[in-house]
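*Asks:* Residue numbers (our numbering): 7 to 209. Even glycine gets a Cβ: it sits at the ideal position worked out from N, Cα and C.
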């Protein structure tokens with residue numbers, strides 16, 4: 007065997023001998039840290055779903071064509087009066103003869119039970135419906151781009167913070183209970199939930 011061959015053989019043996027040591031030196035997965043992150047994430051989710059399932063948000067995230075009315079002054083939850091629907095064109099802005107902006111202007115009415123308002127006032131798309139769904143169902147949906155408007159979690163956080171119609175939920179006008187917290191609180195909660203791995207509760 008030549009000197010070069012002996013050197014190459016020795017080098018290969020050294021590498022093979024060192025490989026198990028490197029594997030042993032790899033950092034172990036900390037199961038306790040994962041569990042803590044999951045617990046933190048689920049705690050954040052509890053605050054997020056309290057907003058998403060609140061009537062100010064969920065009443066317009068319906069699977070059928072009819073937005074809901076609910077709250078202390080309405081008694082039982084009911085369908086929006088005047089046969090208001092999502093619209094035959096699927097736009098969410100109602101039918102051509104009675105668009106949502108016929109009554110819902112760019113800001114709230116100052117009258118009790120007066121029409122609420124925002125710059126745009128559509129019903130959410132049917133694929134983004136979560137009215138009366140469980141926390142686990144809403145969580146899975148929020149993370150699914152096919153059912154959340156093709157958004158990342160970062161996009162969703164920004165949507166909650168910046169969209170005027172979403173923001174209306176915390177400023178719904180006279181006689182209506184606002185969603186809990188604020189847009190900024192919910193934005194931060196979504197960021198923290200995402201950083202913790204965006205865990206969902208058991209279904």
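(1) Am I right that residue 92 and residue 71 are in contact with their C-beta atoms under 8 Å? What's the rounded C-beta distance?
(2) Within the continuous alpha helix (DSSP H) that includes residue 141, where are the two ends?
(3) Restricting to runs no shorter than 4 residues, where is the alpha helix (DSSP H) found entirely within the stretch 81 to 152?
(4) By how many angstroms is the C-alpha of residue 78 removed from the C-alpha of residue 107?
(5) Tell me residue 176's beta-bridge partners as DSSP assigns them.
(6) Cα-Cα, which of 151, 97, 103 is closest to residue 126?
(7) Between residue 55 and the rest of its own chain, which residues show a CB-CB distance below 8 Å, the 5 nearest in sequence each way excluded?
(8) Given a cut-off of 8 Å on the beta-carbon distance, is the pair residue 73 and residue 63 in contact?
*Replies:* According to the structure data:
(1) Correct: roughly 4 Å between the Cβ atoms.
(2) It spans 141 to 148 - the alpha helix (DSSP H) in which residue 141 sits, taken as one unbroken run.
(3) Here the runs fully enclosed are 141 to 148.
(4) Rounded to the nearest angstrom, the two C-alpha atoms are 25 Å apart.
(5) Residue 176 pairs with nothing; no bridge assigned.
(6) It is 97 whose Cα lies nearest to the Cα of residue 126.
(7) Excluding its 5 nearest sequence neighbours in each direction, residue 55 has C-beta neighbours in its own chain below 8 Å: 141, 144, 145, listed in chain order.
(8) Against a cut-off of 8 Å, the Cβ pair of residue 63 and residue 73 comes out as no contact.
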